[in-house]
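A.B. asks: Quick one: the structure is below, questions incoming.
Protein chains: 2
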Amino acid sequence: MPQSVPDRQEEAHRLVAAVAGRTTAMRVNVLAILLATPHPLSHLDVLAALGEGVDRVTVYRVLDWLTDAGLAHKLAGDDRVWRFAAAHSTPHHHAHFHCQHCGRFYCLDQISTELPVVLPSGFVAEQIEITIKGACADCRR
Amino acid sequence: MPQSVPDRQEEAHRLVAAVAGRTTAMRVNVLAILLATPHPLSHLDVLAALGEGVDRVTVYRVLDWLTDAGLAHKLAGDDRVWRFAAAHSTPHHHAHFHCQHCGRFYCLDQISTELPVVLPSGFVAEQIEITIKGACADCRR
DNA sequence: ATCAAGTCGCCACCCGATTGCAATAAGGGT
DNA sequence: ACCCTTATTGCAATCGGGTGGCGACTTGAT
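Chains V and G, in that order, are what the protein sequence lines are.
Every letter in the first sequence is one number past the one before it in the numbering used here, and letter 89, counting from 1, is 89.
Every letter in the second sequence is one number past the one before it in the numbering used here, and letter 58, counting from 1, is 199.
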């Protein structure tokens, strides 16, 4: 079905197979799409990239599975929509850019979220999420 | 109706009156609740604090109005729920803490979001949102 | 006191996400 | 290569935070 995702298929297959759990076509295809895209994708984006005849719920579950398996990141935007990005090369901790105009998300690999934060006593940080909002290069024209 | 919010009522009234637009009981009450709470509240939290007989939709609109008026901040959490905090003393740019266990949000006034970020060319930052996830002091016990 | 414009309250509705369950496919054991 | 167990998929229904529409009611300027 996804002739629009030619490459990354093998890479995705290798990554999925390396994880405990079954290696299904759906998981491989979805991961291939995420790998081929430089910015985080919404569930709807993934569904569109897969083409017709794919069940929404399955994609939800596959994306969650990929997230649990550590192969993808899940991030929440202001529009109450989940975005997913492949975890692959990108270091696990980086910031995101959210364009207020076109709504697109970008990964800002250069910006680390490894901040030396000082929390109130008793608080323990497990993860830091940084989202920069503004206008992307495309929308500035 | 809100005998549970004794103080802050006058302060809230003063703040609402200082803004262009009508000074309604609903706006004053909701702002008083936000002022009386040290951490951001969800729409449901506010509704519960107001007591019975208050319309959901009105609270949604009041919260949006307060946000537009600059009297409250609106922030998105992982659970796809808006949280609102009084803008009052708190500097406009600060980080938030999200407890993964109890789901509560805290304002981290000490941590500024005035970072010297370097964006790809053409990108313009308008706002930076930092959310630190982990376990709060209460849940660590 | 009057009255137009701004708000409130109730209705139904939107849409992303989730749950339940039967049908199907993956892959280990033989 | 086949079978059988079990995880995954597909479909339908549902959930739940949030929104739009519109008549009734306040607000506050006149």
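We put the beta carbon where it would ideally sit given N, CA and C, even for glycine.
Distance check for G:D220 and V:V5, CA to CA, integer angstroms please.
C.D. replies: Note that V:V5 scores a pLDDT of 45, beneath 50, so its modelled location is shaky; the value from the coordinates is reported in the next line. Whole-angstrom Cα-Cα distance: 31 Å.
A.B. asks: Could you give the DSSP three-state label for G:Q150: helix, strand or coil?
C.D. replies: Reduced to three states, the DSSP call for G:Q150 is helix.
A.B. asks: I need the boundaries of the beta strand (DSSP E) containing V:H98, first residue and last residue.
C.D. replies: Here the beta strand (DSSP E) through V:H98 covers H94 to C99.
A.B. asks: Please report how far the alpha carbon of G:C248 lies from the alpha carbon of V:N29, in whole angstroms.
C.D. replies: Their backbone Cα atoms lie some 40 Å apart in a straight line.
A.B. asks: Going along chain G in order, which residues have a C-beta closer than 7 Å to the C-beta of V:V117?
C.D. replies: The answer, in chain order, is I252 and I273.
A.B. asks: Compute the Euclidean distance between the alpha carbons of G:R155 and G:G162, then round it to the nearest angstrom.
C.D. replies: The alpha-carbon atoms of G:R155 and G:G162 are separated by roughly 13 Å.
A.B. asks: Interface residues of chain V around G:S262 at Cβ under 9 Å?
C.D. replies: In chain order: A137.
A.B. asks: With C-beta atoms as the reference, is V:F105 less than 7 Å away from V:R141?
C.D. replies: No, the pair does not count as a contact, with Cβ atoms beyond the cut-off.
A.B. asks: Specify whether the stretch 92-102 of chain V and the stretch 48-58 of chain V touch according to this definition: at least 3 beta carbon pairs, one from each stretch, less than 8 Å apart.
C.D. replies: No, because fewer than three Cβ pairs between the stretch 92-102 of chain V and the stretch 48-58 of chain V fall closer than 8 Å, the two stretches do not touch.
A.B. asks: For the alpha helix (DSSP H) that contains G:H184, what are its first and last residues?
C.D. replies: Its alpha helix (DSSP H) spans residues H184 to L191.
A.B. asks: Leaving aside the five residues before and after V:K133 along the sequence, list all residues of the same chain whose C-beta is less than 6 Å from its C-beta, in chain order.
C.D. replies: Closer than 6 Å at the Cβ level, and outside the excluded window around V:K133, lie H98 and Q100.
A.B. asks: Kindly confirm or deny that the stretch 254-272 of chain G and the stretch 205-214 of chain G touch, where touching means at least three C-beta pairs closer than 8 Å.
C.D. replies: The stretch 254-272 of chain G is not in contact with the stretch 205-214 of chain G.
A.B. asks: Less than 8 Å between the CB atoms is what I'm expecting for G:D153 and G:L176, so what's the real figure, rounded?
C.D. replies: According to the sequence provided, residue 153 of chain G is Ala. The question's Asp does not apply to it. Rounded, the Cβ-Cβ distance is 6 Å, consistent with contact.
A.B. asks: If I follow the unbroken beta strand (DSSP E) through G:V265, where does it start and stop?
C.D. replies: It spans V265 to A276 - the beta strand (DSSP E) in which G:V265 sits, taken as one unbroken run.
A.B. asks: Apart from the five residues on each side of it in sequence, which residues of its chain come closer than 6 Å, Cβ to Cβ, to G:R168?
C.D. replies: Cβ neighbours of G:R168 beyond the five flanking positions: V157 and V203.
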